[in-house]
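Residue numbers (my numbering), protein chains in the order written: chain U, 1220 to 1524; chain X, 64 to 541. Backbone N, C-alpha and C define an ideal beta-carbon position, used for all residues, glycine too. The next block holds one structure in the form of structure tokens; read it before the comments.
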Amino acid sequence: MDVFLQQLINGLTLGSIYGLIAIGYTMVFGIIGMVNFAHGDVFMVSAFIGLIAFLLLTTVLGITSIFLVLAIVLVVAMIFTGLTSWAIERVAYRPLRGSFRLAPMISAIGMSILLSNFVQVAQGPRNKPLPPMLPDVIVLMDNNGYQVTLAYKQMFIMILTAVLLGGFWFLVQKTPLGRAQRACEQDRKMAALLGVDVDRTISLTFIIGAMLAAVAGVMYLMYYGVVNFNDGFVPGVKAFTAAVLGGIGSLPGAVLGGLLIGLIETFWSAYFSIEYKDVAAFSILAITLVFMPQGLLGRPEVEKV
Amino acid sequence: MSSPLAGDGAARPSPFAAALKDAVVSGVITFLLFLPLVGFRATESGSGPLTLTYRFGLCATFAILVAVLRLVLHLTIWRPGRQKAARGTPSPLAAVGGFISPMAKPAFFALALFYPLIAIVVTGGLTPSRYWIDLGIYIGSYVMLGWGLNIVVGLAGLLDLGYVAFYAVGAYAFALLSTSVPINDWMAGHLGENFWALWSFWVCLPVCGILAAMWGVILGFPVLRLRGDYLAIVTLAFGEIIRLVLINWTDFTNGGAGIASIPPISFFGIPFTAADDGFAARFGLTFDPMHRIIFLYFVIVALSLLTALATLRLRRMPVGRAWEALREDEIACRSLGINTTLTKLTAFATGAMFGGFAGAFFAVRVRFVSPESFTFIESAMILAIVVLGGMGSQMGVAAAAVFMIGGMEMLRNLSFLKSDWLLGPDFDPTLYRMLIFGFAMVAVMVWRPRGLVSGRLATIFLKERKKVSGDLVKEGHG
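Right, here's the structure in full:
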């Protein structure tokens, strides 16, 4: 029971991070029908931007309040990651819209390789460690020495995710931008005919997806305290798995899928073998696609001739 | 932002002013993009905390470069008054292609055949030509892998991001079979002491191909109902699963340490040794370790040709035609009664088999296998070769392999950039290989989304065979 509870907390924390990345995949797929392969690397870039901002604030400007620092780091990472994602869409994907099916995907794979190697060249290949942030924990249960703890940073991650998702839901459901986005998702041509600026909507989709990934990146940096140029690939594939599991194109599905993948991964590591935790996540991807291609909350795909 | 050069006020801004404005804006954006990760660098200082170093100058240099480049492009190529070539008119490139293409195949074939001789003559001896022949073998393996994947991606239109899994299956199959003690003992007991050591590659080669094809069927069967990009991701997941299993199943694969001391290749049973029954002595040559390398080169050329010929023949058979039909329109295929699952599965298995052959060759060439060699980047590289070459075009794929692998290898040799007046002695060109590779992938896609050779040669034709332009080819879901 105690182990279960502890893993539940860890899994939900990890799942929040995956869920935030998964939203970026699912939104882009919903609107232009493309797997944005570089999204995992955008997440990694955001963690690096967060790292730089953190160092700048603490060592150069000497701000000591951790919450102020985190707030500024989050905003800075969101702005610069959004800009990066906008530029990527503009340079690598927009010219290929309307081209044949595989072209944007290949371009995205190239972009993914470009981003991770760009970070390697610009920041060096070694792990970048940070001093631990928010190290305090709340002890929830003490069972003969096995303490079930909830760290402040885990709480911070879960609460921030919930708040962001609330804001994001409001954005998609209640604002003109969200309406335009949903219209483009249903029928791009018709939306354009009715006066929706499709290019602008797609750009904004990329920016919003990247901003959520940036929050996930800063959380990742804060939670693990270390980041490497290689860290985009595996979380990226896992977040994509989450998006597929929840039903690609469905926003609540992405969050649900993210939480499930986080839980499955932590429970697998705790009860089975930690070496095969990635194998478990990748197998879920394959199993979902084979037996339930529409995912948990997605609509079944109907092909029109 | 108003430019001081836009003198005519209310009238339309002059093209130059617009270009200048665009250049300044893109320069500013580039500066902002590069600011966080190029402008600052988190540097490790021993074991202590990270410190920041600043490189704003470098950041500004990039911004100015981009701005100047865009300005020049606006004033030359992107000039608004310039007539855009009408769609459908043949580009000058196509005319050059039409002139060259009848000669390309024989020339390429001859070059492939005489390459070791040329290398030896130019470098002046067997030993100095080693680097060049090794490079030839290296490129040859990628030509073969590209042609193998071309069956899956180019002919059947199935995007496979996990091709390296079959390469790994082939390599590990050969490594495990040839080094396993029980098999060695059994072979020695039944077929003579030396048989297995000398013939292992030739015996294992078909086995590796069959095993890889079998894995192609196992992995392909459940997932081939999926749409293109889903299929891509699932194959990627399979590739990663196989790699992770190779790393973690230490009892079977020796984990990350890999398998070493794989027996070398033999000339159909004659070893490449200095002994009396060795290759050199039997053929009256003086012993040189280069004989083995040159033989390896011809083996990979032969294997590549086998792949190419098999593809050519298959394209003329019903199954090959079904592949190509499937690539163009899956729904039409199904309506015409083609069993799409079986058709996809044969393509997947055939491609996997050639991947397995290439894997066995890799194992016998390097004589060491480890999971490090079978990462996703390898899959992406092979896929990039196929797509950049123009999917379905054999010559295009071969040319792309030569340019990409050769070009990346040449980047290693850019030591002149290290001179003091260029980029300084700290500059390491090898670090930039993958960066340039990724950039090239994006650039080629944006420039020519259908690859270098984008036209299609019809397999069935009436009276006269015509090239189909890439613009006219539309791919359905597959």
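Between the C-alpha atoms of residue 1344 (chain U) and residue 92 (chain X) there is a straight-line separation of about 26 Å. As DSSP reads the structure, residue 432 (chain X) sits in a beta bridge with X:322. When secondary structure is reduced to three states using DSSP, residue 219 (chain X) falls in the coil class, being assigned neither helix nor strand. For residue 348 (chain X), the secondary structure class from DSSP, reduced to helix, strand or coil, is coil. In this structure, the CA atom of residue 1374 (chain U) is about 46 Å from the CA atom of residue 507 (chain X). Here residue 383 (chain X) is actually not in contact with residue 454 (chain X); their C-beta atoms are around 15 Å apart, not less than 8 Å.
When DSSP states are grouped into helix, strand and coil, residue 1360 (chain U) belongs to the strand group. Across the stretch 1318-1344 of chain U, CB contacts with chain X closer than 7 Å involve 1318, 1319, 1320, 1321, 1322, 1324, 1325, 1326, 1328, 1329, 1330, 1332, 1333, 1336, 1337, 1338, 1340, 1341, 1342, in sequence order along the chain. Of the residues assessed, residue 248 (chain X) falls on the exposed side of the cut-off, its CB having fewer than 16 other CB atoms within 10 angstroms. Where residue 258 (chain X) is concerned, the enclosing alpha helix (DSSP H) starts and stops at 258-286. Against chain U, the CB of residue 450 (chain X) has a partner CB under 8 Å away; the residue lies at that interface.
Chain X places a beta carbon closer than 8 Å to that of residue 1268 (chain U), counting this residue as a contact.
The Cβ atoms of residue 115 (chain X) and residue 1278 (chain U) sit closer than 8 Å to each other.
Residue 1392 (chain U) sits exposed, since fewer than 16 C-beta atoms from the chains shown fall within 10 Å of its C-beta. For residue 1342 (chain U), the enclosing alpha helix (DSSP H) starts and ends at 1321-1342.
Membership of residue 1366 (chain U) in the beta strand (DSSP E) is indicated by the continuous run 1365-1370. The Cβ-Cβ distance between residue 1440 (chain U) and residue 1257 (chain U) does not fall below 8 Å. For residue 1430 (chain U), same chain residues with a beta-carbon under 6 Å away, outside a window of 5 residues either side, are 1297, 1301 in chain order.
The residue among X:238, X:328, X:281 with its C-alpha nearest the C-alpha of residue 322 (chain X) is X:238.
The beta carbon of residue 1324 (chain U) is closer than 8 Å to those of 1253, 1254, 1256 in its chain, skipping five residues each way along the sequence. The C-beta separation of residue 117 (chain X) from residue 94 (chain X) comes to about 14 Å, leaving the pair out of contact by the 8 Å criterion. CA-CA distance, residue 233 (chain X) to residue 274 (chain X), rounds to 7 Å.
If you draw a 10 Å sphere on the C-beta of residue 497 (chain X), you find 16 or more other C-beta atoms in it, and that means buried. With 16 or more neighbouring CB atoms inside 10 Å of its own CB, residue 1349 (chain U) falls in the buried class. In this model, residue 229 (chain X) and residue 278 (chain X) are separated by some 7 Å (Cα to Cα).
Segment contact: the stretch 459-479 of chain X against the stretch 194-209 of chain X, three or more CB-CB distances shorter than 8 Å; contact assigned. Among the CB atoms of chain U, none fall inside 8 Å of the CB of residue 316 (chain X). Less than 8 Å divides the Cβ of residue 424 (chain X) from the Cβ of residue 366 (chain X). Collapsing the DSSP output to three states places residue 329 (chain X) in a strand. Cα atoms of residue 1445 (chain U) and residue 1346 (chain U): separation of roughly 6 Å, rounded to the nearest angstrom. By the Cβ test, the stretch 1456-1463 of chain U is in contact with the stretch 1472-1487 of chain U, since at least three Cβ pairs between them sit closer than 8 Å. Taking a 10 Å sphere around the C-beta of residue 1290 (chain U), we find fewer than 16 other C-beta atoms and assign the residue as exposed. Here residue 1231 (chain U) is actually not in contact with residue 1352 (chain U); their C-beta atoms are around 19 Å apart, not less than 8 Å.
Its chain contains 343 as the residues whose beta carbon lies nearer than 8 Å to that of residue 349 (chain X), once the 5 sequence neighbours on both sides are disregarded; these appear in chain order.
Inclusion of residue 327 (chain X) and residue 465 (chain X) in the CB contact set at 8 Å is not warranted, their separation being larger than that value. With fewer than 16 other Cβ atoms inside 10 Å of its own Cβ, residue 1406 (chain U) counts as exposed.
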